[in-house]
Every structure is written in C-alpha cells, then in structure tokens.
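Shown next, in structure tokens, is the structure this report addresses.
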Amino acid sequence: MSNEEILVELKSFVGAESRSLARLIVYLVEIEERRLHLELACSSMFDFCTRRLGFSEGEAFRRLTAARLVRRLPVLLDAIASGRIHLSSLVLLRDLLTETNVDEILAAASGKTKREVEELLARMAPKPDVMPSIRRLPDRSASGRHGSSRTVSPLPQTTPPSLQLKPIAESRYRVQLTANESLRDKLELARALMSHRNPSGDLAEIIEQAVDLLIEKLSKEKLGTSSRARRSKSSAKHGYVTRAARREAFERDGMQCSFVGENGERCPARCFLEVDHVTPLALGGSGQAENLRVLCRAHNRDAAERVFGHAYVEDRTRERRREASIRPNKGLVETHHFRQRKFVEARSQVRGALLALGFRVDSRI
Ligand SMILES: [Zn+2]
C-alpha cells in the first residue's frame, strides 16, 4: 500500500468507528429503557457495560454519559456519528447542555480537543475565583483519585469506590491507604495491646481482627439481635418483616443480591441490599422468611415496578424518603411497623363507621 492509500484507508476506518460508536450508544439507550441489564443479573448499566461488554470503567462511564445525553438531546447522535464531537467533550459539557443551547454548544465544541473544550466551558460557565486561603492539606496523594470515574460520575454507585487493593501474588494482596494521625495512634495502641498475641506486631493481623469485630457489629445492626425477634407469627402474616425473618432471609441468601438472570447468573451486588417480599405485601404476601428475598436496590425496584408500575413505585420511594427524613435512623422493619399502625388505625375507623350504621359487632371486622 502506498502512504496515501494507508492514510485514506485509516480515515475511512475512523469514520466507520464514529458511526459504529453512535450506533452502540443507541443500543445502550435501548437496553437501559428495556432494562435488559437487570434481567441479565446486572445491578446497573455500569455493571452491565464493564462485566458483560468488557468496557473499561472509563469507557463505560463516557458511553453511558453519552447515552443519557442522547436520550435527552437526540441531536447529539449525529454529532457523534460524524465524529464532530468526542465523548470526553460530552462528559465535560454534560451539565451545561440543554435543548435551547445544544446547537450553539455543538457548533462551538466541534472538532475541539478536550483542553479546548475545557476552556470553552470555563468561558460559558465561569466558576468564581478561588478564595485565597492557607490551610493545611491532608497529606493525600491525588494520583489515585484524579481523573477516576468517582470524581465525575453521575452514575448510580452500586458499589463503593474500590480500596487500593492490588493482587500481588496468589492469595496475596497489597492494601494501601493513607492514615491520619488519629488512625496511626489507634493502630499503634492496638499493636501495643496485642503485643503478647502478635509479637511481631504484624499490621495485617491487627487489621484483620479489627475488621472481624467491625463486621460482627455491623451484621448485628443490620440483621437485628435475637432478643428482639419475638414478634408473633400473626404479625408476619400481615406482612411484617420481623428481625428474625429478616435475619433468616440474609442467612439463607447471603450478603448478596439473590436475583438470578435468565442466563443463570446471579447478580453480584453486595451493597445497598434490601429485603423484598416475593409476593408483595399489598397482594397479601407474608413477612415470613419463605416470602422474603435479599435484593439489591435496582432489582428490588425493578421487581416492584413489574407489579405496581413505574408511577406507583416513584410515589412510594418519595414517601419512604420523606418518612426516613422524619424518623432518621429507622430501618425497614420500622417502616413496616409504621405502615401496619396506619392500617390498624384505618381498620378501626371503618369498624366504627359500620357500627354507627347499625351493623352488629363481628369479630371478623
Ligand atoms: Zn441485583
């Protein structure tokens, strides 16, 4: 091939790549709308993109950001397909773009490098000057965080940002963290207190024992203690989730979402786990462990939407958030108690009204 041929061919590949990127983004939009990722046992689109499609975290983040922008502003798709704008620029501009300014911004950002788009952004949405101040910064290396999806991600975080935890050999990991003074003092104190049992002062030993204690404490808080689990079976029939039933569900399902996709794979989510009624409470489902399952937030919500519809679940979520803000630090069990109390109040009002209308007292009312 001549040099010229190589360049012409390359250019056509670049064009084809932009067009196929635009097409890929359309598929991502469609998959999210149809919620296919949930059926495939992924707890989020990010999870789907990294685990199922093999994208890097950065690729997944940029492509999903673009997909969500395209859904809102379809005109962006042409710009991506024609290679006028790259995804890194879209990520930078994502909060600025609206229906009214999208054409103007696209024209201004077309063919620009990321650096040039940053300058454009600074002109269009200037930030106030940094206030002069002198303060002691924690001695934290910025390198681990800078540019990671964590700092810019508008995507739902289904898993917290990972620890600096690198495998270095079979079953060996290097854990790296930056301690402040107080943590250092505590580690030194623990090392001293453990010196008989841990004469070499091995830090891993100290941390493992400390984490064991933490896990025990958090598990107790999450699952409740057996002493308070003496709710009657009848309350479970009315949908109450007793602490005992909740604990049983977690013991059975483990600390992982129990959703299994059509492909037979189980959702790997371990964060934001919730207890869900298999037969919903509103359809007479009991609060006994057989009717409970552990789901991640995304799968729990999806299950509810399949039964009650999107609008109802939106309302309930808002209501629950309001309840939680009124009664902070109360968990799911208390929410059910609260609902049960409202139900009992309503029943006694109906009963009173029926008696006033001349109905006889009947124990079934
Ligand atoms: Zn899940």
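In my numbering, the protein residues as written are 5 to 369. Ideal Cβ placement from N, Cα and C applies to all residues, glycine included.
> Within this structure, are the beta carbons of Arg67 and Ile109 separated by less than 8 Å?
Replying inline: Translated into the one-based positions of the sequence shown, residue 67 becomes position 63. Translated into the one-based positions of the sequence shown, residue 109 becomes position 105. Going by C-beta atoms, Arg67 is not nearer than 8 Å to Ile109.
> According to the neighbour-count rule (16 or more other Cβ atoms, all chains shown, within 10 Å of its Cβ), is His41 buried or exposed?
Replying inline: Here residue 41 corresponds to residue number 37 of the sequence shown, with the count starting at 1. By the Cβ-count criterion, His41 is buried, with 16 or more other Cβ atoms from all chains shown falling within 10 Å of its own Cβ.
> Does the beta carbon of Leu91 fall short of 7 Å from some heavy atom of ligand 1?
Replying inline: Stepping through the sequence shown from its first residue, residue 91 is reached at position 87. Answer for Leu91: no, Cβ out of range of ligand 1.
> Do Gly87 and Gly19 come within 8 Å of each other at the CB atom, strictly closer than that value?
Replying inline: Indexing the sequence shown from 1 puts residue 19 at position 15. Indexing the sequence shown from 1 puts residue 87 at position 83. Taking 8 Å as the Cβ cut-off, Gly19 and Gly87 qualify as a contacting pair.
> Do you know offhand how far Glu327's Cα is from Ser114's?
Replying inline: As a working note, residue 327 is residue 323 in the sequence shown. As a working note, residue 114 is residue 110 in the sequence shown. About 47 Å.
>> Tell me which residue opens and which closes the alpha helix (DSSP H) that His303 is part of.
In response: Position 299 of the sequence shown, counted from the first residue, corresponds to residue 303. Element bounds for His303: 301 to 312.
> Identify the residues that DSSP records as bridge partners of Leu296: which are they?
Replying inline: On the sequence shown, position 292 is the one that residue 296 refers to. Looking at the DSSP assignment, Leu296 forms a beta bridge with His281.
> Which residue's Cα is closest to the Cα of Leu181: Leu207, Ala302, Glu174?
Replying inline: In the sequence shown, counting from the first residue as 1, residue 181 sits at position 177. Checking every option, the nearest Cα to that of Leu181 belongs to Leu207.
> What distance in whole Å lies between the Cβ atoms of Ser93 and Val121, which are believed to be in contact at a cut-off of 8 Å?
Replying inline: Numbered from its first residue, the sequence shown carries residue 121 at position 117. Numbered from its first residue, the sequence shown carries residue 93 at position 89. In this structure Val121 touches Ser93 by the C-beta definition: roughly 4 Å separates them, less than 8 Å.
>> Cutting at 8 Å between CB atoms, please list the residues of its own chain near Asp107, excluding the five before and the five after it.
In response: Reading the sequence shown from its first residue, position 103 is the one you call residue 107. Leaving aside the five residues that flank Asp107 on each side, the residues in its chain whose CB is nearer than 8 Å to its CB run, in chain order, Val79.
> From which residue to which residue does the beta strand (DSSP E) around Arg176 run?
Replying inline: Position 172 of the sequence shown holds residue 176. Its beta strand (DSSP E) spans residues 176 to 180.
> Which of the three DSSP states, helix, strand or coil, is assigned to Lys170?
Replying inline: Here residue 170 is taken as the residue at index 166 of the sequence shown, counted from 1. Lys170 falls in the strand class under three-state DSSP.
> Considering only residues of the same chain and omitting the five flanking positions on each side of Ala183, which have a CB-CB separation below 8 Å?
Replying inline: Residue 183 sits at position 179 when you count from the first residue of the sequence shown. So the qualifying residues of the chain are Leu191.
>> Whole angstroms are fine: how far does the CA of Val95 sit from the CA of His281?
In response: Here residue 281 is taken as the residue at index 277 of the sequence shown, counted from 1. Here residue 95 is taken as the residue at index 91 of the sequence shown, counted from 1. Looking at the two C-alpha atoms, the distance is approximately 39 Å.
> How would you call Tyr31, buried or exposed, if buried means at least 16 neighbouring beta carbons within 10 angstroms?
Replying inline: Here residue 31 is taken as the residue at index 27 of the sequence shown, counted from 1. So Tyr31 counts as exposed.
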